[in-house]
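Presented below is the structure to which this report refers.
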Amino acid sequence: MLKIDYEAFNENLLNNWSLVPYIRYGQVFGLFARNTLKGFAIFVRAWENPKLAYLVEIAIERKSQGKGYGYYLLLQSLLHLKKNGLSSVVLTVNPNNSQAQHIYCDKFGFEFVEYRENEYGQGHNRMFLRLDLENWTH
């Protein structure tokens with residue numbers, strides 16, 4: 013997972029210390045092809061609303077990008093969350109990442125909630141998006 017994380021973001025957003033709690037206390041989905049991990053998605057629930065999940069990260073290994081794996085992984089993850097009673101999913105995305113915005117908003121129906129300036133530190137702005145799973149059909 014750490015290798016895929018680095019390939020997807022050109023830096024490690026995860027590490028050995030953060031990965032274990034996500035696996036134990038979050039919901040981690042893996043996408044495998046021929047017994048090889050091609051990508052993963054990590055979700056955690058909100059304390060104030062256990063029916064709300066936050067998409068921490070979704071990543072596909074570099075050589076498998078552009079083949080629909082990310083779309084399939086997100087689709088199956090969202091279907092699982094909905095089936096298990098979650099009502100909404102939120103995430104943040106880089107405002108300059110138009111490809112991710114297209115996938116989240118146009119293909120899955122995530123809606124813009126707010127712009128968060130310096131969300132991850134000075135100059136690291138994010139768009140905050142939400143998907144209503146209760147009314148979502150895909």
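The numbering of the sequence shown is this note's numbering, which starts it at 13 and goes up by one.
Ideal placement from N, C-alpha and C gives every residue a C-beta, glycine not left out.
Buried or exposed: where does residue i fall if 16 or more other Cβ atoms within 10 Å of its Cβ makes it buried?
{"i": "residue 23", "result": "exposed"}
{"i": "residue 72", "result": "buried"}
{"i": "residue 143", "result": "buried"}
{"i": "residue 16", "result": "buried"}
{"i": "residue 70", "result": "buried"}
{"i": "residue 37", "result": "exposed"}
{"i": "residue 78", "result": "exposed"}
Could you check which residue in the options has the C-alpha nearest to that of residue i?
{"i": "residue 97", "options": "138, 62, 143", "result": "62"}
{"i": "residue 147", "options": "58, 76, 59, 91", "result": "91"}
{"i": "residue 103", "options": "56, 94, 80", "result": "56"}
{"i": "residue 106", "options": "14, 130, 50, 100", "result": "130"}
{"i": "residue 58", "options": "49, 43, 39, 122", "result": "39"}
{"i": "residue 49", "options": "76, 65, 36, 122", "result": "76"}
{"i": "residue 2", "options": "95, 100, 43", "result": "Outside the shown range of the chain, which is 13 to 150, sits residue 2, and nothing can be said about it."}
{"i": "residue 83", "options": "14, 150, 47", "result": "150"}
{"i": "residue 14", "options": "74, 123, 45", "result": "74"}
{"i": "residue 51", "options": "33, 111, 88", "result": "88"}
{"i": "residue 21", "options": "109, 46, 123", "result": "109"}
{"i": "residue 112", "options": "18, 139, 35", "result": "139"}
Whole-angstrom Cβ separation of residue i and residue j, contact assumed at under 8 angstroms?
{"i": "residue 53", "j": "residue 31", "result": "Residue 53 to residue 31, Cβ: 13 angstroms. No contact."}
{"i": "residue 141", "j": "residue 125", "result": "6 angstroms"}
{"i": "residue 81", "j": "residue 26", "result": "About 18 angstroms; that fails the 8 angstroms criterion."}
State the DSSP-derived secondary structure class of residue i, mapped to helix, strand or coil.
{"i": "residue 162", "result": "This structure does not reach residue 162, given that the chain is present from 13 up to 150, and the question cannot be answered."}
{"i": "residue 50", "result": "strand"}
{"i": "residue 58", "result": "coil"}
{"i": "residue 132", "result": "coil"}
{"i": "residue 26", "result": "coil"}
{"i": "residue 19", "result": "helix"}
{"i": "residue 69", "result": "strand"}
Start-end ranges of the alpha helix (DSSP H) lying completely within the stretch 88–128, minimum 4 residues: 110–113
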